[in-house]
Each structure stands twice: as C-alpha cells, then as structure tokens.
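So the structure is just underneath, and the comments pick up after that.
Protein chains: 2
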Amino acid sequence: MNNTILIKNVSLDGKPTDIYIEGNRFKKIGGAASQQAADTVIDGSGMAIVPPYYNAHTHASMTLMRGYADDIELFRWLNEYIWPFEAKITERDIYIGAKLACLEMIKSGTVFFNDMYWHCDNVWRAVDEMGMRACLGMTFVDSLDEKDIAYNFDLLQKNGTSDRIEYSVAPHAIYTVSEQLWHRCAEQARRVGARLHFHLSETRKEVDDCMAAHGTTPVRWLDKLGILGPDCIAAHVVHVDDEELALLRERGVTIVHNPISNMKLASGYFPTKRVIRSHCLVTLGTDGCSSNNNLDMREEAKVAALMAKCNYGPQTLPVDMVFDWATRNGARAFGIDAGEIAEGKLADAMLIRLDNERMVPCHNLISNLIYSVSNEAVDTVICNGRILMQGRRVAGEADIVAEARECCERIERVKSKE
Amino acid sequence: MNNTILIKNVSLDGKPTDIYIEGNRFKKIGGAASQQAADTVIDGSGMAIVPPYYNAHTHASMTLMRGYADDIELFRWLNEYIWPFEAKITERDIYIGAKLACLEMIKSGTVFFNDMYWHCDNVWRAVDEMGMRACLGMTFVDSLDEKDIAYNFDLLQKNGTSDRIEYSVAPHAIYTVSEQLWHRCAEQARRVGARLHFHLSETRKEVDDCMAAHGTTPVRWLDKLGILGPDCIAAHVVHVDDEELALLRERGVTIVHNPISNMKLASGYFPTKRVIRSHCLVTLGTDGCSSNNNLDMREEAKVAALMAKCNYGPQTLPVDMVFDWATRNGARAFGIDAGEIAEGKLADAMLIRLDNERMVPCHNLISNLIYSVSNEAVDTVICNGRILMQGRRVAGEADIVAEARECCERIERVKSKE
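Chains as they are written, first to last, in our numbering: chain Y, 7 to 424; chain L, 7 to 424.
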C-alpha cells in the first residue's frame, strides 16, 4: 500500500487548495483531494506550494572545503589548495561531506543534484539515506589508474536499483582527459544509457590551451570526437561563440549555468543573452562549496538574474525564466517527471512560509522567492512523495553537523603533521 | 542604574570568552567579565560574536514595494511604477513600511541604516520603537512645495534627542535638485551639523545629462557648488573617473556601494579596484527593497565580492575587506563608536550559530559569514546594549507582518479604483 499525504489549504497559484499525494505522485489537486484519507496530513495554511530546486552541477562532498581557500584564481586554487586537501580525504569523509551537502540542500528547498566526485558510491549512500534525488557522476581524469577506472565502470554496469538515484560518467574536462579516455567514457556511458557530465569552456585559458593543442575550441573538439549528444550535461559554458551554442543546441546538450562560481573564480560572465537566443536547454547549478561557498539555488538564481541584467539590460532573464532554469528545466534535463505542481507528476515540492518578513508584501510570489527570501522561508520539502523537511527540521541534522566537524578536524590534524 | 548583560562562553576570535555589557557599552571582555552580576545572562555557547551590519544607503519604507516592479530600466521603473505607487501611500504606510524594514534588517544582523525618504518623522518613530540606530535623510527634490520644505527644515532644527537616531538632509540627486536647492540643503544641514545624503553618478545617463547641462560631471559639478565635504554620504558612485575619486577622497566624502541595485537596474558595475586604490572610505548599502528586493547586508557583501572578482580578478576585494565595508566602515562613516567587539565600544553585536549547517566546517569564520550562511544563522542581535533579537525572535513581529500586509492591500484597493 502506498504512503499518502494530504496537504490542506495550501496556496497554489494564489488560491487555497488541497493536494493529495499517493505514493510518489500528485494524485489529486483541488476538488476531491480534500475527501481523501491520508497517512499524513500537512496543514498548509499560510504557505504556498511551488516546485523545488534541481541543482544541475555540484560537487557535494566539497562542503568539507567550505571557506578553505577563497579569493584565489582557478588553476592555483585547484593545484595548491583543493587537490592537496582532497588527497587527504577518505571514503568516509566523502560520505559525510555529501550528507552535509544534502542537509544544506534540503534546507534551502533543493531535492535533486547532479554531482561529480570521486568514489561516488559513498555519495550514493548519503543521498539514499537523505531521501533526495541525484545523478552521481564518477569523475575520470588521465591520472586515474586502471584499477580505479575498472572499479568505476564496474559500478556503472551494476548501477543501483533506486528510483531516485543514478550514476553518470563524468570525464572532468578537456584539459584533464585525453582523447582516448573521452572515447572510453562515452562508450561505457552509452552502453548502459548513462549520462555524460563534464566541465566545458569554463575559462579563457581552457579555450586558449585547446586552440593551441587541437587548433579548435573545446565545444568543436568534443563534437569532432563524437561526444556531444542529448545525454550530455555541460557545466559552465562561459566562453563560447554563437556557432558553438548552435552546435550545442543541435546536439541537444544541456547547459548548466554556475554564475557564483564563475564570478568568484573570475572565470568570466556567462553570455546569458546569446544563450537564451540559442534555445539551448539551460539549467542552474551551484558548483561545489569550495567555490561558492554554499549550495543555495535561490541565491544562485538571484545572482544569475543580476549578472544578466547588468550585462544585457534589466529586462534580460526575467524572474519567471530564471525560476524555470532552477526548477523545471533541471528536472527535464535529468528525465525526472517533475518540476511542476500538477496531477500525475512526481511529488516534488517545497512549501514557503508566506508570513516570513521577506515574503511581505506579496505583489509577486516568484519575485519574492528569488529576489527576496532566504532559505528560512522554506518550511517543508517533499521529494518523491516523502517529506524530507517539515517546520525546517530534518531528521538527524545535529548528528550530520557534528560528524562533518569531526571529519574536518581529523583532516586538519593529518595535514598539520606533514 | 544601567542595564547589564553578561554573554557567557561566546566565541570571540575563535576563543570562548565572557563579555559584560553595562548600559550601552562593552565594559569588560574576558577575565573579570565572568564575575559580574548582570540583569540578563545570555548563554553564548555554540555561537560566535561579531560586529553587526551597518546599512549605509536604503529607503526603508519601500519594503511596501518589494516585488512590485522587477526587470525594468531605472528611469521607466521610477516614472511608471515607483513614483505612481508612492503617490498613494500615507504617513502611516511610511511608518509601517519602515517597521517591516527594521524587522527584516534586525533578522539579518543589521543594527543601523542610513535612510532617504519622504515624511521621515514616521520612519523615526518606527526606528525608535524597534531599538535600531538610523540616520534619516529627508528627501528634497525640486517638485517639493515650500510648505514641505519648511516642514522638513523645521524638523531638522528641532531634531530629536535620541542617542540612536539623527536626521540628515537628502537632496535626491543632481537631476532632480536645482543648484539653488542644493545650496539651501547644504546651508541648512551645515547650520545644525547634519549630514548630507544623496545619489551620485548612479547611471551613465545621469553623467551624460550632466555633461550636456553643466559641461562637467556630477562629482565635479557638486564640488564646484561647494557641496562636497566630510559630512557627505554619496550613494552608488558607479560612473566616476580616477580624478573624481581623488576629489571625493580629498573632500572626505563617504562612498556607499550598492551592488545588487546597480546590477538589477543595469546601472553598471562599481569600479571596485579603482575605488580601493583611491583610499576613499567605502561602505555598503542595500538600496531600497524595490530594487534589490531585500535588505540583507550579507547578501550585498557577497555580491559586492563576486562582482569585484569577476571584473578585476579573484584576489580583488577579499572577504575581510568587504566585511569591514559592511560593518566597521559603516559605523565610522556615521560617527558611531562601534563596529568592533572591544572594551569601551558601543555594544552593537550579532551572535552567530556555529551549528548552522552552512557554518560547518569553519575553516574561516568571516568567509562563512559572507559567502555561506543565510540570515538564519544570526541568533541574537544587540544594539546600543539592548537585545533586539534572541533565538531569532523579535518582539511584535507577527503584528508588523500583518500590518504591512494590510497597508499593501489598502494601497492596491485605492489603485484599482482609479
């Protein structure tokens, strides 16, 4: 027998509505919904129901590196800080870091993330326990040994059986992955129908180096290799010309915009206006905590809108569009039948407290959601018909915070002994 | 007899400390502090104490216009949306809007704001009741009639007797205030030692129009009129050359950086690197809710840092500097002997919950404060030795929210009848 939830008297599109969830889907909205008997009844009065956020590019376990190295340029940041720190972390750290990330995401209304990290079977365990959705990319770089590559591909073959989680193959970027490894990654992914997730044209240096090495740009080079297709999720995509955008559109590649990371690392401004004109599928991601330094999709959407306006005029990227990028476009890109509050859709939702001081007045709900509130206004988060947070409480959160602290203290002790 | 507060076991610069407040000042930090008997004892364990935020440019009552008109260019936004809305609001609306603003600011760790609005005796009443500090600029524009001008100047003469609130004179901008009115404003302000607060070089259009009208730039024109001095607070200052920055420095003018408003209205990017090089006193402001759409100084500081990095490189505007802009520089600009947690200083502070999921790990407290947390991590706010918020509760908040809603509903009814 399926679990059932009845949300009573919640504001949907400005009208008080009852919503009945059966199993993992919205079964009935309005009308007869109120007559349903349910295992769980939520009093939705004083709250609005909206789609939750889908974070299309992050490195969840990097919460452990939050604030570890700020205000530094990308390549130095990677070489001198991030990679040496990562050399000290264990599989348990990856699991704990991912749990902290899940906690933070749930508390800011996010139900899904597209990840790229090492040993991502540990991330799987964290996501599974926390009840979120995820697409977990196993990272490939040339320096990986054959044992690790075999382990990853084996994991991919087995995959899991979760209806919320899947693996993808994540060749890191064109400057860390050889042509041969790109081909192996694509073959393995396509054999099992997994997605390909990678960084693309993030910095000017990446493009310049690619020109020097291959005589062409990263997008064109990957296309020449036959990599680009509708199963591809390309993060960043900052330094691209219109022809490259048209190519990405033609191949059906999903673009992930990561404005905060791009600005903080000074990678450059995303060409928002040209991307909109290209009709590519655009999603939004927070990138990892080490370059943001949080996983708050609301903040990401606001900064995306601000950056677009300052570069192209105040009408560019209106608030409804950036909300779609952060919600339904993310669901669509990952084949999740959700992203709107509608009968038959997967029951993913967040409930927003309308009496939060930043929700008042409410001339425009979506404007308040993106431009005004903080995560504090998110009261309840539902993912796949299961309540992950209610009244801003997430099960086990104090333990997760304590364990994450212990992990970092241990890593610091190891590092200080060197 | 003075009120006394003892904050026990709070983290100050990473060490557990007892802090004793007597009246409106920090009397004793560490050592003998713990032996003091106090009227109020706060358990500070699990929290860090840091200076609170000083919001150096806003229009508090415009909370009522939050989300009322987004994604529109500045002059159309003013002429077609903001000014017509303002034509419908009453003095009571101004009071209620300011109370909502105070509530929002307290809940995000702000204890002071520098305001510019109409009928600011109503704002005074709100600030006084809420226990904050403020400098309240009475707005002057050419369209004001002599009765209103006389009312304002009379208010200024009387001033109040609060140790937390003062009036200033706020000629709106060079494009709304004639040379003659600028002179009257400066004379009246200087007669009573009040500050002058204005918008300056906010848009390219303002500079171009000034060139056409006066043959020079806004900064140079105001200096020619003898306006610029150490009593001046200039908001925005986006479109200035190095010579103008040197002139502002020489005259001792305080610059208020409002990154979110500048980006949202597409006014342009603040020349952060050149401003830092000019050694002007720089502060941070949220501008009004109608162009932001909140009053969150933490978010403002993060966006200031992001914008600076993307435009000038990742080392520009490091996190400690932007935190100073948002805290101690604001206090200094307004002659408030606060902005640091030190014996003898005015007792302004916020207590941050270290177990908030976004404060973990804590490699760098200030980095977490600016780049990571939301207002939810701010547990307690103290202003002038008085507790304005504890455990995230502010006295009377439900009433403030309800009254603000009623105001906006009434304004909408009035507007829809036209």
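The beta-carbon is built from N, C-alpha and C at its ideal position, and this holds for glycine as well. Please read these numbers as outputs of a predicted model, since none were measured by experiment.
* To do: For N85 of chain L, count neighbouring C-beta atoms within 10 Å of its own C-beta (all shown protein chains included) and say buried if the count is 16 or more, exposed if not.
  => exposed
* Near D361 of chain L, which residues of its chain fall below 8 Å by C-beta distance, leaving aside the five closest residues on each side in sequence? -> G52
* For A337 of chain Y, which residues of its own chain have a beta-carbon under 6 Å away from its beta-carbon, when the five flanking residues on both sides are left out? -> Y60, A344 and G345
* Span separating the alpha-carbon of R411 of chain Y from that of V366 of chain L -> 6 Å
* M144 of chain L - DSSP class collapsed to helix/strand/coil -> strand
* Asked: If you draw a straight line from the C-alpha of N268 of chain Y to the C-alpha of E306 of chain L, how long is it?
  -> 18 Å
* Provide the residue span of the beta strand (DSSP E) that contains Y26 of chain L, from first to last. => K21 to E28
* Within 10 angstroms of its Cβ, does W89 of chain Y collect 16 or more other Cβ (buried), or is it exposed? -> exposed
* Asked: Can you list, in chain order, the stretches of the alpha helix (DSSP H) that have 4 or more residues and sit fully within the segment 305 to 361 of chain Y?
  -> 325 to 332 and 334 to 339
* Asked: Do the segment 88 to 104 of chain Y and the segment 406 to 423 of chain Y touch if we need at least three Cβ pairs shorter than 8 Å?
  -> yes
* Where M395 of chain Y meets chain L, residues with beta-carbon distance less than 9 Å -> Result: empty, since nearest Cβ-Cβ is about 12 Å, beyond 9 Å.
* Can you name the start and end residues of the beta strand (DSSP E) that D49 of chain Y belongs to? -> T46 to D49
* Within 7 Å (strictly less), CB to CB, does Y173 of chain L reach chain Y? -> no
* As assigned by DSSP and simplified to three states, the class of S284 of chain Y -> helix
* Span of the beta strand (DSSP E) holding F32 of chain L? -> R31 to I35
* Asked: Can you tell which of Y:A140, Y:S17, Y:K94 and Y:T46 has the C-alpha that lies nearest to the C-alpha of E28 of chain Y?
  -> Y:T46
* To do: Could you give the DSSP three-state label for A252 of chain Y: helix, strand or coil?
  => helix
* Answer yes or no: does any C-beta atom of chain Y fall closer than 7 Å to that of S17 of chain L? => no
* **Any chain L beta carbon closer than 7 Å to L187 of chain Y** => no
* **Nearest-angstrom Cα separation, counted from I406 of chain Y out to K105 of chain Y** => 7 Å
* When L:T333, L:R257 and L:E110 are compared against A355 of chain L, the one with the closest alpha-carbon -> L:T333
* To do: Indicate whether at least one CB of chain A lies closer than 7 Å to the CB of A200 of chain L.
  => Among the chains of the structure shown, chain A does not appear; the protein chains present are Y and L.
* Locate the alpha helix (DSSP H) running through A134 of chain Y, then write down its first and last residues. => The sequence as given places Asp at residue 134 of chain Y; Ala does not occur at that position. That run of the alpha helix (DSSP H) goes D127 to M136.
* Considering H63 of chain Y, what are the terminal residues of the beta strand (DSSP E) in which it resides? -> Y59 to T64
* To do: Give the straight-line distance between the Cα atoms of P58 of chain Y and L352 of chain Y, rounded to the nearest whole angstrom.
  => 12 Å
* Is I112 of chain Y helix, strand or coil by DSSP? -> helix
* Below 8 Å on the Cβ atoms is my guess for D382 of chain L versus S380 of chain Y; work out the distance and round it to an integer in Å. => Just to set this straight, residue 382 of chain L is Glu in the shown sequence, not Asp. Yes, they are in contact, since the Cβ atoms of E382 of chain L and S380 of chain Y sit about 6 Å apart, within 8 Å.
* Contact between the segment 162 to 182 of chain L and the segment 136 to 148 of chain L: three or more CB pairs below 8 Å? -> yes
* **Outcome for H285 of chain Y when other beta-carbon atoms lying within 10 angstroms are tallied against a minimum of 16** => exposed
* **CB contact flag (S207 of chain Y, V246 of chain Y, <7 Å)** => yes
* Reduced DSSP category for A272 of chain L - H, G, I as helix; E, B as strand; rest coil -> coil
* On the three-state DSSP scale, how would you describe R226 of chain L? -> helix
* Asked: With respect to the beta strand (DSSP E) encompassing K14 of chain Y, which residues constitute its N-terminal and C-terminal limits?
  -> T10 to L18
* For A75 of chain Y, which of helix, strand or coil comes out of DSSP? -> coil
* Asked: Any Cβ of chain L within less than 7 Å of the Cβ of Y123 of chain Y?
  -> no
* Asked: Can you give the beta carbon distance from G291 of chain Y to A240 of chain Y, rounded, assuming they're within the 8 Å contact cut?
  -> Not quite, the Cβ-Cβ distance comes to about 11 Å (not below 8 Å), so this is no contact.
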